[in-house]
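Below: the structure, in structure tokens.
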Amino acid sequence: MAALDTCMACDEEYLSLHNRRYHSQTNSCPACAINLHYYDANGDEASLDQSSILYAIIDALKIGKIVALKGVGGYLLLCDATNKDVIHLLRTRKQRPAKPFALLYADMDMLQADVQLKSYEISALLDRAAPIVLCRLKLNPENNLAIAAIAPGLPSIGAMLPASPLLQLVADGFGKPLVATSANLSGSPIVYDDVQARNWLGSFADVIISYDRMITAPQDDSVLQFTDHGKKIVLRRSRGLAPNYHPVPFDAQEAILATGAELKSAFALTKHNRLFVSQFLGDQSSVEAQDSFAHTYQQVANVLQFKPALVLADAHPGYAVRQVGDTIAKQAQAPIVLVQHHEAHFAAVLAENHLLHKPNPVLGFIWDGTGYGDDQQVWGGELFLYERGHMERVAQLDYFPQLMGDKMSKEPRLSA
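In terms of our numbering, the sequence shown opens at residue 1251 and continues consecutively.
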């Protein structure tokens, strides 16, 4: 608590076993409040009293400015969801030409004016995790959304309710839906450090809002969608959903680390028959994402006193997750097992459906991007047979010449 600089009254509450605020890390009061800071795009702080900053944020949004606001797990970029010009400007600054943006709504009434919601979608939106939920748009949304700029050509939007009191105050005060997207370049990890935010976010935002609490575990917003039958699909497991523990349905006393995929990465580890899954860590092609991966793994390893006895990594020799797996295995003097990418996908589906230990054979069609094959060829589109712990590739798409490196796997039109 020393770094939080609380007043004497809050200290007494924090240290008293008989007080309901005993060891409450968020304890504060008007005498030792969490202060907001308002910066311009150059990182210079404005001379505004605390009561004026909220109104200044709302005024900036109303005149078409982009605001970088510090949330629970990192900074978000906010702008008016009814203003197509500022949304196009945000796309240009973020180098995100077409990928849809999520929207922040102040409350359920405002959201239901724009989208059709099933009961399970409402429950997910109101959950304490406050995820982004993919929702089908009404034919005539009532909030005058600039939908062609927000989600070009799509019948659905990602929507969420405020995940923090500050976001709630801003959304209430603005009175209209807001575009809310992670403060980062597409594919890179979210910005969460205050100094980095002041030095770097000026290229994205016109206003930067910070507060006096350090974020030690950066988190993007989690993203969910539901099937027509109400089955939940987690598209991005992060704030509110991860990091988290899950029971392992088999004996897993051995400490195992799996370094995960190169894209949309996360790692997992087992300890004492529990599976720990990290939050979303971005695409590992960038140095920033690799630093985030290393920081998060070290943090988790220290907390759990974890040292792997076995490391699992993607077989691709050029992937950062393979290289970090090699490094951790050497440091821990542990063996490393290389796993073919599409076999890992199939194994994950088998595990999710409790089929790993069933006696019946299972066929798996894996339609994924490129993966480094066991024959050192590029795989993509396999049929696997799994039976009693053994997996075999029994059919695949024929090999064909690959042009322009990885560009073909990212733009399927080039393969057609």
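C-beta atoms are modelled at their ideal positions from N, C-alpha and C, and glycine is treated no differently.
Since we're looking at a predicted model, the values are computed, not measured.
* Asked: arginine 1386 to arginine 1487, Cα distance in whole Å?
  -> Against the sequence shown, residue 1386 aligns to sequence position 136. Against the sequence shown, residue 1487 aligns to sequence position 237. Roughly 21 Å between the two C-alpha positions.
* Asked: With 16 as the cutoff for other CB atoms within 10 Å, does histidine 1522 come out buried or exposed?
  -> Here the question's residue 1522 lines up with position 272 in the sequence shown. Flag for histidine 1522 reads exposed.
* Could you tell me if glutamate 1392 is buried or exposed, where buried requires 16 or more neighbouring beta carbons within 10 angstroms of its beta carbon? => For this step, residue 1392 is matched to residue 142 along the sequence shown. With fewer than 16 Cβ atoms within 10 Å of its Cβ, glutamate 1392 is classed as exposed.
* Length of the line joining the Cα atoms of lysine 1334 and alanine 1396 -> Reading the sequence shown from its first residue, position 84 is the one you call residue 1334. Reading the sequence shown from its first residue, position 146 is the one you call residue 1396. Approximately 5 Å, taken between the alpha carbons.
* To do: Figure out for me which residue from Gly1630, Glu1661, Met1654, Gly1639 has the closest Cα to the Cα of leucine 1647.
  => Looking up residue 1647 in the sequence shown gives position 397. Among Gly1630, Glu1661, Met1654, Gly1639, the Cα nearest to that of leucine 1647 belongs to Gly1630.
* Could you please give me the residues that DSSP links to alanine 1645 through a beta bridge? => The sequence position of residue 1645 within the sequence shown is 395, counting from 1. The partner list for alanine 1645 (beta bridge, DSSP) reads Leu1633.
* Asked: Comparing alpha-carbon positions, which option in Tyr1636, Ala1492, Tyr1289 lies nearest isoleucine 1458?
  -> In the sequence shown, the residue the question calls residue 1458 occupies position 208. Here the closest residue by C-alpha is Tyr1289.
* Leaving out five residues before and five after alanine 1570 in sequence, what residues of the same chain have Cβ atoms less than 6 Å from its Cβ? -> Here residue 1570 is taken as the residue at index 320 of the sequence shown, counted from 1. Excluding positions up to five away in sequence, the list reads Gln1534, Gln1540.
* Asked: Among Ala1544, Thr1520, Arg1524, which has the Cα closest to the Cα of phenylalanine 1530?
  -> Within the sequence shown, residue 1530 is the residue found at index 280, counting from 1. The shortest C-alpha separation from phenylalanine 1530 is found at Ala1544.
* Excluding the 5 residues preceding and the 5 following threonine 1408 in the sequence, name in chain order all residues of the same chain whose CB lies nearer than 6 Å to its CB. => If you number the sequence shown from 1, residue 1408 lands on position 158. Note that residue 1408 corresponds to glycine in the displayed sequence, not to threonine. Here the set comprises Ala1352, Ile1382, Leu1384.
* Asked: Are proline 1350 and leucine 1404 closer than 7 Å when you measure CB to CB?
  -> Here residue 1350 corresponds to residue number 100 of the sequence shown, with the count starting at 1. Here residue 1404 corresponds to residue number 154 of the sequence shown, with the count starting at 1. Contact flag set, yes.
* Asked: Where does aspartate 1576 fall in DSSP's three states?
  -> On the sequence shown, residue 1576 is found 326 positions in, with the first residue counted as 1. Aspartate 1576: helix per DSSP, three-state reduction.
* Count the C-beta pairs between the stretch 1279 to 1286 and the stretch 1427 to 1442 that are closer than 8 Å, then say yes if the count reaches three, no if not. => no
* Asked: To the nearest angstrom, how far is it from the Cα of alanine 1551 to the Cα of valine 1574?
  -> Indexing the sequence shown from 1 puts residue 1551 at position 301. Indexing the sequence shown from 1 puts residue 1574 at position 324. If you take the alpha carbons of alanine 1551 and valine 1574, they lie about 14 Å apart.
* Asked: Since lysine 1514 is in the alpha helix (DSSP H), which residue starts that stretch and which ends it?
  -> Residue 1514 sits at position 264 when you count from the first residue of the sequence shown. Note, lysine 1514: premise wrong, no alpha helix (DSSP H); not H, not E.
* Which residue from Ala1584, Glu1295, Gly1621, Pro1493 puts its Cα closest to that of alanine 1594? -> If you number the sequence shown from 1, residue 1594 lands on position 344. Answer by Cα proximity: Gly1621.
* Give a yes or no on whether the C-beta atoms belonging to alanine 1291 and glycine 1510 are separated by under 7 Å. => Position 41 of the sequence shown, counting from 1, holds the residue named residue 1291. Position 260 of the sequence shown, counting from 1, holds the residue named residue 1510. No, the pair does not count as a contact, with Cβ atoms beyond the cut-off.
* **Simplified DSSP state of arginine 1658, which is helix, strand or coil** => Residue numbering aside, residue 1658 sits at position 408 when the sequence shown is read from its first letter. It is worth fixing the name first, because residue 1658 is methionine in this sequence and not arginine. Here methionine 1658 sits in helix by DSSP.
* Which residues bound the alpha helix (DSSP H) around histidine 1545? -> For the purposes of this step, residue 1545 is taken as residue 295 along the sequence shown, with counting starting at 1. Here the alpha helix (DSSP H) through histidine 1545 covers 1537 to 1554.
* Could you tell me which residues DSSP pairs with asparagine 1390 in its beta bridges? => Against the sequence shown, residue 1390 aligns to sequence position 140. Paired residues: none, contrary to the question.
* According to DSSP, residues forming a beta bridge with valine 1317 -> For the purposes of this step, residue 1317 is identified with residue 67 of the sequence shown, where counting begins at 1. Beta-bridge pairing links valine 1317 to Leu1328, Val1457.
* DSSP state of valine 1441, grouped into three classes? -> Here residue 1441 is taken as the residue at index 191 of the sequence shown, counted from 1. Coil at valine 1441, not helix or strand.
* **Element boundaries [alpha helix (DSSP H), containing valine 1420]** => Indexing the sequence shown from 1 puts residue 1420 at position 170. From DSSP, the alpha helix (DSSP H) with valine 1420 extends over 1415 to 1424.
* By Cβ distance, which residues of its chain are closer than 6 Å to alanine 1318, with the 5 residues on each side in sequence left out? -> Indexing the sequence shown from 1 puts residue 1318 at position 68. Excluding residues within five positions, the ones whose Cβ falls inside 6 Å are Tyr1325, Leu1327, Ala1433, Leu1451, Ala1455, Ile1458.
* Asked: Helix, strand or coil: which one does DSSP assign to glutamine 1475?
  -> Here residue 1475 refers to the residue found at position 225 of the sequence shown. Here glutamine 1475 sits in strand by DSSP.
* Euclidean distance between Cα positions of phenylalanine 1517 and serine 1414 -> Translated into positions along the sequence shown, residue 1517 becomes position 267. Translated into positions along the sequence shown, residue 1414 becomes position 164. Cα-Cα distance, rounded: 27 Å.
* To do: Pair every Cβ in the stretch 1603 to 1610 with every Cβ in the stretch 1572 to 1590, then say whether three or more of these pairs are closer than 8 Å.
  => no
* To do: Taking threonine 1466 as part of the beta strand (DSSP E), name the residues at either end of that continuous run.
  => The residue given as residue 1466 occupies position 216 in the sequence shown. Neither: threonine 1466 is in no beta strand (DSSP E) and is coded neither H nor E.
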